[in-house]
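Novice: Chains as they are written, first to last, in the working numbering: chain E, 1 to 339; chain C, 340 to 897. Beta carbons are placed, not taken as given, at the ideal position from N, Cα and C, and that holds for glycine. What follows is a structure written as structure tokens; I'll ask about it next.
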Amino acid sequence: MNLAVYIGRRVLLLPVMLVGITLLTFVLSHAVPADPVAANLGEQAAANPEVVAAFRHQWGLDRSPPQQYLIYVWRLLHGDMGTSISTHQAVATDLGQDLPATVELAFAAMLISLAVGIPLGIVAGVRRDTAVDQISRSGSLIGVSMPVFWLGLVALLIFYAWLGWAPSAGQLSPRLSRPPAVTNFVVIDALLAGEADVARDALSHLVLPALVLSAYSIGVITRMMRGSMLDVLGEDYVRTARAKGLPALRVTLRHAARNALLPVITIVGLSFGGLLSGAVITETVFAWPGLGSYAFRSATSLDFPAIMGVGIVVASVYVFANLLVDVAYAVADPRIRMG
Amino acid sequence: MTQGTVKSQRPAAVDVAPARGTLTRRNLVAAAAAGAAAAAMGALRRGTTALGAAASSRDTVVMAPSYVIRSLDPGHTLEPLGEMICHATYDALVTLNGEDLSNPRPHVAASWNVTGGGRLYTFTLRRDIRFASGNPLTSADVKWSFERVMNLKSNPAFFLDNVAAVTAPDPYTVVLRLRDPQPSIIPILSNGALGIVDSKTAAAQGADAGPDAASRDHAEGYLNSHSLGGGAFILESHTPNQEVVLARNPRHWRGAPSIARVVIKNIPEASTQALGLERGDLDVATGLGLSNAQTLSRVPSVTIKNSLIAASFVMMVNTDPELSGSLANPKIIQAIRYALDYDGILKIAGPGAVRMAGVIPNNLAGALDPREAVKTDRDRAKALIRESGIASPRGRMNYASDQTSFGIQYPIMAQKLQADLAAVGITVELNGLPGAVALGEYRAAKAPALFGGYVADYPDATDFLVYLPGRLVGKRLRWPATASAAAGELAHWGDQAEQEADARARVALLQKAQRRLLEIGPYIPLFTPALPWGYRADLRGVTFNSVWGTDFFTVKRT
Chain E
1 MNLAVYIGRR
11 VLLLPVMLVG
21 ITLLTFVLSH
31 AVPADPVAAN
41 LGEQAAANPE
51 VVAAFRHQWG
61 LDRSPPQQYL
71 IYVWRLLHGD
81 MGTSISTHQA
91 VATDLGQDLP
101 ATVELAFAAM
111 LISLAVGIPL
121 GIVAGVRRDT
131 AVDQISRSGS
141 LIGVSMPVFW
151 LGLVALLIFY
161 AWLGWAPSAG
171 QLSPRLSRPP
181 AVTNFVVIDA
191 LLAGEADVAR
201 DALSHLVLPA
211 LVLSAYSIGV
221 ITRMMRGSML
231 DVLGEDYVRT
241 ARAKGLPALR
251 VTLRHAARNA
261 LLPVITIVGL
271 SFGGLLSGAV
281 ITETVFAWPG
291 LGSYAFRSAT
301 SLDFPAIMGV
311 GIVVASVYVF
321 ANLLVDVAYA
331 VADPRIRMG
Chain C
340 MTQGTVKSQR
350 PAAVDVAPAR
360 GTLTRRNLVA
370 AAAAGAAAAA
380 MGALRRGTTA
390 LGAAASSRDT
400 VVMAPSYVIR
410 SLDPGHTLEP
420 LGEMICHATY
430 DALVTLNGED
440 LSNPRPHVAA
450 SWNVTGGGRL
460 YTFTLRRDIR
470 FASGNPLTSA
480 DVKWSFERVM
490 NLKSNPAFFL
500 DNVAAVTAPD
510 PYTVVLRLRD
520 PQPSIIPILS
530 NGALGIVDSK
540 TAAAQGADAG
550 PDAASRDHAE
560 GYLNSHSLGG
570 GAFILESHTP
580 NQEVVLARNP
590 RHWRGAPSIA
600 RVVIKNIPEA
610 STQALGLERG
620 DLDVATGLGL
630 SNAQTLSRVP
640 SVTIKNSLIA
650 ASFVMMVNTD
660 PELSGSLANP
670 KIIQAIRYAL
680 DYDGILKIAG
690 PGAVRMAGVI
700 PNNLAGALDP
710 REAVKTDRDR
720 AKALIRESGI
730 ASPRGRMNYA
740 SDQTSFGIQY
750 PIMAQKLQAD
760 LAAVGITVEL
770 NGLPGAVALG
780 EYRAAKAPAL
790 FGGYVADYPD
800 ATDFLVYLPG
810 RLVGKRLRWP
820 ATASAAAGEL
830 AHWGDQAEQE
840 ADARARVALL
850 QKAQRRLLEI
860 GPYIPLFTPA
870 LPWGYRADLR
880 GVTFNSVWGT
890 DFFTVKRT
């Protein structure tokens, strides 16, 4: 099947999947045995039926669940994701505000993971059972098994509190003003505003949380790349390339590593989705105002429109990540055809 | 630690030049790794420079509170942080001085008098107050602001439940006509949610104070990002869930505050707050937690305080045996009181927490003397169990498993209560629930027994009459005023205390009611908590008041 047709089909399936996601999220969030009134109204206000009725009416909670769902989907089809009960802002505005912070963090973490994990995996595979391999395997194991919460706090303690190399938690130094919001990517907004110092400050704040968030992915990518390299290095075509007298670096990088990358691409795609949706702990430790924190707050305050919005965004990210993985497969190995 | 010290600790630049001119696998990997490290370090170093430059702005105060903001509109706000910001940006008729909750003082109201049998409160307003917009503050603004709170029917509406009418006979006189006498209306009026709004400007932004305000008012969005008050600060920006920035109001009637800018940051993790305070990136932190506060108490550049909070932590039992089983038996409730190890409970509650004899917090007039509190006596507890005739008393206790308030971790406290009760033969099964679920069960009167705290909505002991039969908490424990003659009498004493104008007589009534409550009520009073919090030692005038937190007007940097 032609790649363009395949992509077109997948994109067309997206709305159907999203409707399924909204239904699932709606049912799950309404199945929780708790009432948004309890989470959002004070003790005295919740005891006043008039106040409770006004609250339910304001947020459409006085309608039956099926009605609430249909109204939500109807509005969604018109581009309205509703209004957050907690922030009183449009959910789309909230997401537009918080998602870029997570994208920034996840993107930086993924870049670090790839920059460290792939070379380390290649070296460990090529230098099997040497000291380099042992160190890389131990490092990967530590990266995969270390709780992010603990790692984040230790990193802050050492690099911020003790050594003073890293700046404080947050996206910017507390005394700096945020640049005017244009894209909500702080670095980009700072550059657009001509505030180079603020952009640099924002970048410096990104390094430590991105390193911490990347620890797990580095571990996974390194191990996957190493294993894959070991498989590929034993293949006939690699032996042939060596027998032809090609330089070792060329054999390793062009013949072995390129083919060994295929399973890694899958992991990278899924990891990126995981980084976007699962950065909540890193975001909490580093006071990073991203999607993870927003999702947590929405869930604990039973902010249904926000929960639905997060569900849609995370599902879309996974769908697109998988699509990109498929496309990357085809690019990395032209023998693969879509079907 | 100064920024100069930070600079001296920066690492030397990383040399990324390859050892040889030829590119080998080994030096390719080494160069890549070194390049990445150098880039990261470079960014860190430059970032530290930017931080150092920023930290020199000494007239900015950066605070990390327990960050929950549902609204910054005075007509809707109730949670502590929202009230702190409203207190800074809107002036109320009366105010309190720092942590002193017992002496409301004139503020926008220069004076007041009470007539009509305690039902008419006449306030004379100051004539020199202007809103940040430049409009003068008059009685029309007070009337409009109060009517808006009442008619919006939102969180703070209950503050004015007893107000029958607000009138403005002249531009600087406001009269509140109450349905029943209520001396607590004065401390209630100190609340940030009852700050006076610039009615003309607010109306132009879609605010409405009429009877249909609940459906006609559309100003909350605007008021979440702009303040329309005359307070010492102006809301400069609000990024939901991230930060609030307040700027000094140069027109403020008491004179411009010493601090030019206040940045209130959302830093959810207690340890991150502690590190920021220690390093000087934060000036005030109120979400430190007990262990971090103890560690920071050894840091000379940080002042740690434990401020008593107007809150009462109690264990309570549903009076319906269908729900709470044998725990509802009055003898078993008495046995629980004697079984608990209060010294151990206070250790978990943290430094500054005080044993509470009744249900009114120790820092409010009307509290019982802590020396009256029940002492641990396990033999007596066992004797009471025997008197009950119940061989193996048992029941279930709910608690919010994800909640920490004032540094108190609910799961640890619940386990302590369980262990103490097990020591005398009372079996309590712990039922840890997510906060919203636990709250929902309690409000639906379905919690069998529970541990939790009630925090004052306003600084007056009568707020804690909620524990009486037929009132807010009593109802949730299925304890109506009609439960018994004694319960009915207790409820009546509560009504009397609420209306009593004489302060001494009021205190006597409140104390009598609490003693009766301990005889017949389903409560086991535990403690009044203290908040562990800290600030940089170069700040002066920093206080933490449990109703509105910190008053930034009094904060100065030395």
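#1: Against Leu-621(C), what residues of chain E qualify as contacts under a CB-to-CB distance less than 9 Å, listed in chain order?
#2: Any beta carbon of chain C sitting closer than 8 Å to that of Ser-214(E)?
#3: Taking buried to mean at least 16 other C-beta atoms within 10 Å of its own C-beta, is Gly-683(C) buried or exposed?
#4: Considering only the alpha carbon of each residue, which of Gly-813(C), Gly-457(C) and Ser-731(C) lies closest to Tyr-862(C)?
#5: In three-state DSSP terms, what is Leu-703(C)?
#6: Grouping DSSP H, G and I as helix and E and B as strand, with all else coil, what is Leu-383(C)?
#7: For a contact defined as C-beta to C-beta under 7 Å, what are the partners of Val-285(E) on chain B?
#8: Which bits of chain C does Gly-274(E) rub up against, with CB to CB less than 8 Å?
#9: Taking only three categories from DSSP, how would you classify Gly-791(C)?
#10: Assuming Phe-470(C) and Leu-476(C) make a contact with CB atoms under 8 Å, what is their CB distance in whole Å?
#11: Counting only the same chain and skipping the five closest in sequence on each side, list residues whose C-beta sits under 8 Å from that of Gly-809(C).
#12: Would the beta-carbon of Val-212(E) fall within 8 Å of that of Val-148(E)?
#13: Any C-beta of chain C within less than 7 Å: which residues of the segment 33 to 63 of chain E qualify?
#14: Name the chain C residues that come within less than 8 Å of Gln-134(E), Cβ to Cβ?
#15: Quick one: measure Cβ to Cβ for Leu-614(C) and Ala-161(E), integer angstroms, because I've assumed they're closer than 8 Å.
#16: Measuring only the C-alpha atoms, how far is Leu-804(C) from Gly-164(E)?
#17: Can you list the residues of chain C that Asp-333(E) reaches, using a CB-CB cut of under 7 Å?
#18: Give me the residue from Gln-89(E), Gly-274(E) and Arg-75(E) with the minimum Cα distance to Ser-298(E).
#19: Spatial neighbours of Leu-114(E) within its chain, please: CB distance less than 8 Å, with the 5 preceding and 5 following residues excluded, ordered by chain position.
#20: With 8 Å as the limit, tell me which residues of the segment 87 to 103 of chain E have their beta carbon closer than that to any beta carbon of chain C; keep them in chain order.
#21: Looking at the secondary structure, which residues open and close the alpha helix (DSSP H) in which Ile-598(C) lies?
#22: Is there at least one Cβ from chain C nearer than 8 Å to Thr-22(E)'s Cβ?
#23: Which chain E residues sit within Cβ distance under 7 Å of Glu-559(C)?
#24: Can you tell me which of the three DSSP states Arg-637(C) falls into?
#25: Residue ranges of each alpha helix (DSSP H) run of no fewer than 4 residues wholly in the segment 171 to 217 of chain E, ordered along the chain?
#26: So Glu-837(C) is in the alpha helix (DSSP H); what residue range does that whole segment cover?
#27: Starting from the C-beta of His-591(C), find all residues in its chain whose C-beta is less than 6 Å away, skip the five residues before and the five after it, and write them out in chain order.
#28: Between Ala-586(C) and chain E, is any beta-carbon pair separated by less than 8 Å?
#29: Give every residue of the same chain whose Cβ lies closer than 7 Å to the Cβ of Leu-629(C), excluding the five residues on either side of it in the sequence, and list them in chain order.
#30: Hey, could you find the ends of the beta strand (DSSP E) Ala-507(C) is sitting in?
#31: Flag Thr-578(C) as yes if its beta-carbon sits less than 8 Å from any beta-carbon of chain E, otherwise no.
#32: Given a threshold of 16 other Cβ atoms within 10 Å of its Cβ, counted over all protein chains shown, does Leu-151(E) qualify as buried or as exposed?
#33: Let me confirm a value: His-57(E) is counted as buried when at least 16 other C-beta atoms fall within 10 Å, else exposed. Which label applies?
#34: I'd like the span of the beta strand (DSSP E) that includes Asp-439(C), first residue to last.
#35: Does the beta-carbon distance from Trp-451(C) to Ser-538(C) come in below 8 Å?
#36: What's the gap between the Cα of Val-514(C) and the Cα of Thr-461(C)?
Specialist: Put simply:
#1: Ser-168 and Pro-174
#2: no
#3: exposed
#4: Gly-813(C)
#5: coil
#6: Residue placement at Leu-383(C) is flagged as unreliable, the pLDDT there being 44, under the threshold of 50; a coordinate-derived value is accordingly withheld.
#7: The structure shown contains no chain B; the protein chains it does contain are E and C.
#8: Residues of chain C passing the Cβ test: none, with the nearest at roughly 21 Å.
#9: strand
#10: 6 Å
#11: Trp-818, Pro-819, Ala-820, Thr-821, Ala-826 and Ala-830
#12: yes
#13: Pro-33, Ala-34, Asp-35, Ala-38, Ala-39, Asn-40, Leu-41, Gly-42, Glu-43, Gln-44, Ala-45, Ala-46, Ala-47, Asn-48, Glu-50, Val-51 and Ala-54
#14: What Gln-134(E) touches in chain C: nothing, since even the nearest Cβ is about 16 Å away.
#15: 5 Å
#16: 51 Å
#17: Ordered by position in chain C, no residue passes the 7 Å Cβ test against Asp-333(E), which lies about 24 Å from the chain.
#18: Gln-89(E)
#19: Ile-221 and Val-268
#20: Thr-87, His-88, Gln-89, Asp-94, Gln-97 and Asp-98
#21: Element bounds for Ile-598(C): n/a, residue is neither H nor E.
#22: no
#23: His-88
#24: coil
#25: 186 to 192
#26: 824 to 838
#27: Ala-571
#28: no
#29: Gly-689, Gly-746 and Pro-871
#30: 502 to 509
#31: yes
#32: buried
#33: exposed
#34: 439 to 445
#35: no
#36: 4 Å
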